[in-house]
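All remarks here apply to the structure that follows.
Protein chains: 2
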Amino acid sequence: MPYQDIFTQTQAASRTFTSLSAEQINSVLRDVAAAALENTPFLLQENQKDLDRMSPADPKYDRLKLTEARLQDIAKDIENVTTLPSPLGEVIFQKELPNGLNISKIRVPLGVVGVIYEARPNVTFDVFSLCFKTGNACILKGGSDAEFSNNAIIKVIHAVLEKHGITPHVATLLPVEREATQSLLEAVGYVDVLIPRGSQGLIDFVRQNAKVPVIETGAGIVHTFFDETADLEKGTAILFNAKTRRVSVCNALDCLLLHQKRLTDLPALVAPMAQAGVELFADAAAYQALRAHYPAHLLHPAQEEHFGTEFLSLKLAVKTVGDLPEALDHIARYSSKHSEAILSEDAANIEVFLNAVDAAAVYANTSTGFTDGAQFGLGAEIGISTQKLHARGPMGLEELTSYKWIVRGNGQVRG
Amino acid sequence: MPYQDIFTQTQAASRTFTSLSAEQINSVLRDVAAAALENTPFLLQENQKDLDRMSPADPKYDRLKLTEARLQDIAKDIENVTTLPSPLGEVIFQKELPNGLNISKIRVPLGVVGVIYEARPNVTFDVFSLCFKTGNACILKGGSDAEFSNNAIIKVIHAVLEKHGITPHVATLLPVEREATQSLLEAVGYVDVLIPRGSQGLIDFVRQNAKVPVIETGAGIVHTFFDETADLEKGTAILFNAKTRRVSVCNALDCLLLHQKRLTDLPALVAPMAQAGVELFADAAAYQALRAHYPAHLLHPAQEEHFGTEFLSLKLAVKTVGDLPEALDHIARYSSKHSEAILSEDAANIEVFLNAVDAAAVYANTSTGFTDGAQFGLGAEIGISTQKLHARGPMGLEELTSYKWIVRGNGQVRG
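This is how it looks when you write it as structure tokens:
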């Protein structure tokens, strides 16, 4: 394995954390936050080298760009992480067995966390601080577009680690070569989990090629069902919020499921969306109900392809359903199991929906826009898992840990 | 995908569980236990067809064989599962947010659990009962050697499901063709987790080829460190138990790490092992200490290959270390992170060891033979995870579940 020496070093470095206290960890992180500010000119200068290689018209340009204000936000985020309680060492379970063995389950770091991401240099600080807080060494593979920025950031981090007498191998930035990605995907025995952060294409690539355990984050094909009894006023505000608050995020609404008895309310329900420029892709019944009311240039007949699409833009599919079971069937078929909502004043229907829908976050009478670590009170978030193993939905500090069983005996043997 | 129709059916069937109560689930399982007994002649007859195709000298023959007594044990195990509390619906976390949203984390089934295993027909009953109890549909891929047995078992299970009006697709047995395995490994979006049960070769194959999330179970390269202060009498019993209780299991001892100051005690420490016929592979210092005491035909100089080997037989590596840190380094290098132990009367050393060793189960002054779901009080076990994601160590019912976030609002939108 070409990068085996690097992986071996990182894995060895991960053992450092068994002798670092939560306070020492926070102290390092505070110094990293300070160093991010102190090194602003250097970081911006290196970031500019990356920017110079990219057209400002490229949609990635803005994500790549660091500014003084953004570095201040980054420093604040790291400071915030230091204020969160450490999950490490938590006794999850403890019991004295009849044979006198004392058994407990203790929260421990995962070990080595790999993260593959694209041209967002802020992720480098972000992933480092969350991994370091949770006692994990990290192996970072950033996009080649951000090479200068990431090298500069890791240099700043390493200088702080060195000052604290901690090996820099706890935060390893891989070179931009593609072979490094391939090695990371295959680093069985060295990497405990790999988290891809970025486009669906990146996530698919990682899932297809990884030999190490992966947590998938990302894609949200999000529905909201407007039930027969739903409140029109609340529903109008919620749908508008879920669709337009930020269209590029995974919790944004993609499909409105409308109870057929509420077709007459549909024009009012989506009226604010017209003003925001939302294009609707409506099934036949919804199209019919809207055609005299919604701007013609924003209203299109829905094709099959519009269902099950994550738009990430000012577009919304509208589907009319006969009843709640039909809505549930549609969601089961097209949902990416991220965030799903029901708007209803019928308590029984709400319970059926919350129970039946298989998604990371299921909502009643509120906006799917709340699917977010900070909103859920997790303090920080490394991603939103769309799989069911290990972590589901927003992943905070606890989701960057594992546990081990500790058994204390006094000579017991098994019969 | 060739088996897509089957996977689609199983996934759809997994939704059945949202309308089954814990009592209904237990009632089905009790009937399956009864049916296993009632159909003993049929099951033994079909099992005999498999046995007829295999040489009785084949080490797999005994694992493949069903008997009346084994079917009684299987029925008892299923009955036992019905007595365990259901983890489903457990409220893991609940909170009222400042904006009035009520947020909770609820335990739910994983969805569809795939299990690939070898010629052990008991696994078919075992996996079905644990998955059904936890509200999961299962896709079973058994070894071709057990084809008749598995078909018979699934027929018995399906008859019970039918009697209860439950779709048989909640328990899907794939055909024995290799293509079925390949499809299962790639059933992204249909299978929530895949658990290989069997040899290291099978586990490696699954890890290398799976596109769906995998939980690795199995391999245990197990060490016990006999410290400077360890009690000789207790240590002798513990080491003998850990090595000889059952040599073919993953928690069996593979390497004794001996503090150099205890070399003079080594002959007494391993004396009972000689009687059990344990072959020792000793490093130079240990070999020297043993040569006048241990039977010559059972004592060999250790080669590098003997460290980091899971023997699964009456063989034991012996390595002399200068101190605790050296023992920790050896474990970090060779352990498979399954079960590791320290024998010591030094409380400080014990704490250092328990804290520093990265393994699913870490023991002080007792036998690694305790790494087992039943011993840990989990009631039942689907395997012992050697990875750190999702589940570590013995996996019981809870480890066959995920969770979802439920958020109840009253018109809240995100700012």
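Line by line, the protein sequences are chains A and B.
Position 347, counted from 1, in the first sequence is what the UniProt record's numbering calls 347; the numbers after and before it change by one each time, with no gaps.
Position 363, counted from 1, in the second sequence is what the UniProt record's numbering calls 363; the numbers after and before it change by one each time, with no gaps.
Note that CB positions come from ideal geometry on N, CA and C, so glycine has one too.
Here DSSP, grouped into helix, strand and coil, assigns Cys138 of chain A to strand. Residue pairing from DSSP places Tyr403 of chain A in a beta bridge opposite A:Arg107. One Cα belongs to Pro2 of chain A, the other to Lys95 of chain A, and the distance between them is close to 45 Å.
Sequence-ordered contacts of the region 15 to 45 of chain B with chain A read Arg15, Thr18 [C-beta pairs closer than 8 Å]. Secondary structure note for Ala364 of chain A: its beta strand (DSSP E) is the uninterrupted segment 361 to 366. Against Tyr190 of chain B, chain A offers no close residue; the least beta-carbon distance is about 12 Å (beta-carbon pairs closer than 7 Å). The C-beta distance from Leu194 of chain A to Ala219 of chain A rounds to 17 Å, too long to fall under 8 Å, and the pair is not in contact.
Under the Cβ criterion (8 Å, minimum of three pairs), the region 392 to 401 of chain B counts as touching the region 359 to 376 of chain B. Contact check between the region 201 to 215 of chain A and the region 232 to 239 of chain A: fewer than three CB pairs, one atom from each, fall below 8 Å, which does not count as touching. Assigned with DSSP and collapsed to three states, Pro41 of chain A falls in helix.
Here the C-alpha atom of Asp145 of chain A lies approximately 12 Å from the C-alpha atom of Pro59 of chain A. Here Ser385 of chain B carries a strand assignment [DSSP, helix/strand/coil]. The beta-bridge partner set that DSSP reports for Glu279 of chain B consists of B:Lys315. For Asp5 of chain A, the closest alpha carbon among the candidates A:Leu232, A:Thr172, A:Lys234 is that of A:Thr172. Around Lys65 of chain A, the same chain offers Asn47, Leu51 as residues with beta carbons nearer than 8 Å, after the five sequence neighbours per side are excluded. In the structure shown, Arg414 of chain A adopts coil according to DSSP, grouped into three states. The region 223 to 234 of chain B makes contact with the region 328 to 346 of chain B: 3 or more CB pairs, one atom from each, lie closer than 8 Å. With its beta carbon less than 8 Å from one in chain A, His390 of chain B belongs to the interface. Close to chain A, meaning a Cβ-Cβ distance shorter than 8 Å, is no residue of the region 63 to 85 of chain B at all. Secondary structure within the region 230 to 259 of chain B: the alpha helix (DSSP H) runs of 4 or more consecutive residues, fully enclosed, are 232 to 244 (chain order). Phe128 of chain A and Leu269 of chain A have their C-alpha atoms some 44 Å from each other. Residue pairing by DSSP places Thr217 of chain A opposite A:Ser385 in a beta bridge.
Met54 of chain B and Phe148 of chain B have their C-alpha atoms spaced approximately 13 Å apart. Taking the C-beta atoms as reference points, Thr366 of chain A is found no nearer than 8 Å to Gly369 of chain B.
In this chain, the beta strand (DSSP E) harbouring Ile342 of chain A covers 339 to 343. Considering only A:Glu177, A:Val176, A:Lys155, A:Pro175, the residue with the shortest C-alpha distance to Thr167 of chain A is A:Lys155.
Within the DSSP bridge table, the entry for Ala171 of chain A names A:Cys138 as partners.
The three-state secondary structure of Lys95 of chain B, taken from DSSP, is strand. Under the Cβ distance rule, Leu97 of chain B counts among the residues neighbouring chain A, one pair being separated by less than 8 Å. The shortest CA-to-CA distance from Thr40 of chain A to any of A:Arg63, A:Asn26, A:Leu71 is the one to A:Leu71. Among the residues facing chain B, Thr366 of chain A is included, as its CB has a counterpart in that chain under 8 Å away. Looking only at B:Thr386, B:Phe281, B:Thr371, B:Pro109, the smallest Cα-Cα distance to Arg246 of chain B is reached by B:Thr371.
Among the residues facing chain B, Asp358 of chain A is included, as its CB has a counterpart in that chain under 8 Å away. Residues of chain A whose Cβ lies closer than 9 Å to the Cβ of Arg408 of chain B are, in chain order, Ile350, Leu354, Tyr363, Ala364, Asn365, Thr366. Three or more Cβ pairs drawn from the region 19 to 26 of chain B and the region 122 to 142 of chain B lie within less than 8 Å of each other, which places the two stretches in contact.
Apart from sequence neighbours up to five positions away, the residues of its chain that approach His306 of chain A with a beta-carbon distance below 7 Å are Phe281, Ala317, ordered along the chain.
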